[in-house]
Amino acid sequence: MESPKIMLDIVLNVLEQFARAIPNIFGAIVVALIGWIIAKLVAKGLRKMLETLKVDELAGQLNQTEFVEKAKIQVLPSKVLPLIIYYVLLLVFLMAAAEVLGMAIVSKMMGDLIAYIPSLLTAMLLFVVGILLADFIKKIALTTCTSLGIPSANLIANFVFYLVFLTLTISALQQAGIATDLIRENIIVVIGGLMLAFAIGYGLASKDTMSNFLASFYVRKKIRIGDYIRFNNSEGKVVAMDTSSITLQKDDRKIIIPLRIFASGEVEVMHSDNSALI
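Per our numbering, the sequence shown starts with residue 823, numbered consecutively.
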């Protein structure tokens, strides 16, 4: 019977192929081991260097942003960067090990992954810059609205933050090679609807407040602190004025008049104090 002989030939053939592959397997293991050691050493050295340079303190501004604080995430470059370098080097040596084993498909896949890393890192950097820029613009918007006495300053500042943040996040996703056409179109529709609803709601809710705010520019040119005035049935000395009201004092009484009403009525300046303009 030739069956045992056929089986023996198959076994011998497998053993022969395995024997031929042993040097390649051993070489691949050595390459992978060397790569692992080098990756560990480089990552450890980079971490010590970053800790010595106190790079983590430079990232404090990112960690102090409201967005990162709410997410309860702490970004430490001395830990993140060495970890990235470690896996990049490990991938490079694993690709070399796959080449030694003659695994062309696996090697190509790893090569494509390594080639994608720069785009991914650029996207991550753009995302971080987006958070910092959005937070910076938010603070400017908040300070401006607060100084001008515009109501709902926090709401406006948060709206500006997420508008800038979403715009740069979409750019980061595009840099990473992720299709964002559908996401961008949906976000544009949502933002457009929110802006329209916000404009209508804010306009209706703050009509009187904005009237007071605009009236303050007119009143400041006509009335000074210290003036003694009469308005309708009220009279007294002007002791304070902000973007919403003017305060009169007579004896122990204080009269607060909304500026929109004050600017639309007849005011008699009975005594003017020329010491300072409001």
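Ideal Cβ placement from N, Cα and C applies to all residues, glycine included. These numbers come from a predicted model, not from an experiment.
With distances taken between CA atoms, THR989 lies nearest to GLY952 out of VAL864, LYS862 and GLY952.
Annotated as distal: PHE981 and LYS960, with beta-carbon spacing of 7 Å or more. Annotation: the continuous beta strand (DSSP E) that includes THR1069 extends over 1067-1072.
Residue state for MET925 is assigned as coil, using DSSP reduced to three classes. Between ALA945 and PHE987, the C-beta gap is not smaller than 7 Å, which leaves the two residues out of contact. Taking a cut-off of 8 Å on C-beta distances, the segment 933-943 touches the segment 897-916, as three or more cross pairs fall below it.
Counting only the Cα atoms, VAL852 lies some 10 Å from TRP858. Residue range 975-997 is occupied by the alpha helix (DSSP H) that includes VAL982. In this structure ILE1005 touches ILE992 by the C-beta definition: roughly 7 Å separates them, less than 8 Å.
In the three-state DSSP reduction, LYS1059 falls in the strand class (E or B). Cα atoms of ALA920 and ALA975: separation of roughly 58 Å, rounded to the nearest angstrom. Here ARG1046 carries a coil assignment [DSSP, helix/strand/coil]. Three or more Cβ pairs drawn from the segment 1048-1060 and the segment 1068-1075 lie within less than 8 Å of each other, which places the two stretches in contact.
With a 10 Å radius around the Cβ and a threshold of 16 neighbouring Cβ atoms, MET1063 comes out buried. Taking each of ALA979, PHE958 and LEU954 in turn and checking the Cα distance to LEU964, the smallest one comes out for ALA979.
Bridge partners of PHE1053 according to DSSP: SER1056 and VAL1089.
ILE907 carries a helical assignment under DSSP once its states are collapsed to helix, strand and coil. Between LEU916 and ALA994 a beta carbon distance of about 27 Å is seen, past the 8 Å cut, so the two are scored as non-contacting. Separation of ALA937 and LEU872 (C-alpha to C-alpha, rounded to the nearest whole angstrom) is 26 Å.
Secondary structure note for ILE1000: it is in no beta strand (DSSP E), with a DSSP letter that is neither H nor E.
The DSSP-derived three-state label of LYS894 is coil. Straight-line spacing of the CA atoms in LYS862 and LEU875 works out to 20 Å.
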